[in-house]
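J.:
In my numbering, the protein residues as written are 1328 to 1548.
1) Here's a check: name, in chain order, each residue in its chain whose Cβ is nearer than 7 Å to the Cβ of residue 1345, leaving out the five neighbours to either side.
2) Pick helix, strand or coil for residue 1417, following the three-state DSSP scheme.
3) Have a look at the DSSP bridge pairing and note the partners of residue 1344.
4) Extract the residue ranges of the beta strand (DSSP E) inside the segment 1377-1427, only unbroken runs of 3 or more that lie entirely within it.
5) For the 8 Å Cβ check, are there 3 or more pairs between the segment 1436-1448 and the segment 1474-1487?
6) How far does the beta strand (DSSP E) with residue 1537 in it reach, from first residue to last?
7) According to DSSP, is residue 1547 helix, strand or coil?
8) Excluding the five sequence neighbours on either side, which residues of its own chain have a C-beta within less than 7 Å of the C-beta of residue 1454, listed in chain order?
9) Looking at the structure shown, is residue 1448 part of a helix, part of a strand, or coil, going by DSSP?
10) In the DSSP assignment, the alpha helix (DSSP H) including residue 1519 goes from what residue to what residue?
11) Tell me which residues share the same chain as residue 1385 and place their Cβ nearer than 8 Å to its Cβ, disregarding the 5 neighbours each side in the sequence.
12) Helix, strand or coil for residue 1441? Go by DSSP, reduced to three states.
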């Protein structure tokens, strides 16, 4: 494809749409691959895929392969799901929760997300889904942004405790956060300080792709 070849020289935008939830959604050929972006940040593939791949590698691909059920809060184009299925060759169930139905339509059209048989997509607010679900999960991936903003509820103690409650023993949370100023550093340190060290281990992987910090939580047996 000519567009793919030329994208090694400069990005080639092939789709742009205004979205009620995400303002602007763009699909672009960049360095030979399709990426999904909002107005100011990468939503799927590109740098975001590298960030979450790094987090999964830190948890351990061998551990991921043994998992039965993974929950992804914030699907966008589905790059972390593609990493799980195509790169790690994960065979278990994946539940993806995405509030923006338009985003899933784009993910299906440009990234073939609907071809992944083990994936169930739920169009819902992540907060509401977490309150309602009766399932327990081996891994919960949190990757929720509205452009460069992260909803406040993600960092509230009630939500983090509910997320941790939904983990199986030896289960993991992989939480992608954005650090743009000192207030965000304070926010993340407070979040970590509220994790019960008698029940969970936690660590931060800072400054991945400049502005991202991963938080990894593991539930002790």
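By construction, the Cβ of each residue, glycine as well, lies at the ideal position given by its N, Cα and C atoms.
T.: On the basis of the supplied data:
1) Cβ neighbours of residue 1345 beyond the five flanking positions: 1351.
2) Coil, per DSSP.
3) 1352
4) 1396-1400 and 1420-1425
5) no
6) Element bounds for residue 1537: n/a, residue is neither H nor E.
7) coil
8) Cβ within range, chain order: 1480 and 1486.
9) strand
10) 1509-1520
11) Answer for residue 1385: 1532, 1541 and 1543, listed in chain order.
12) helix
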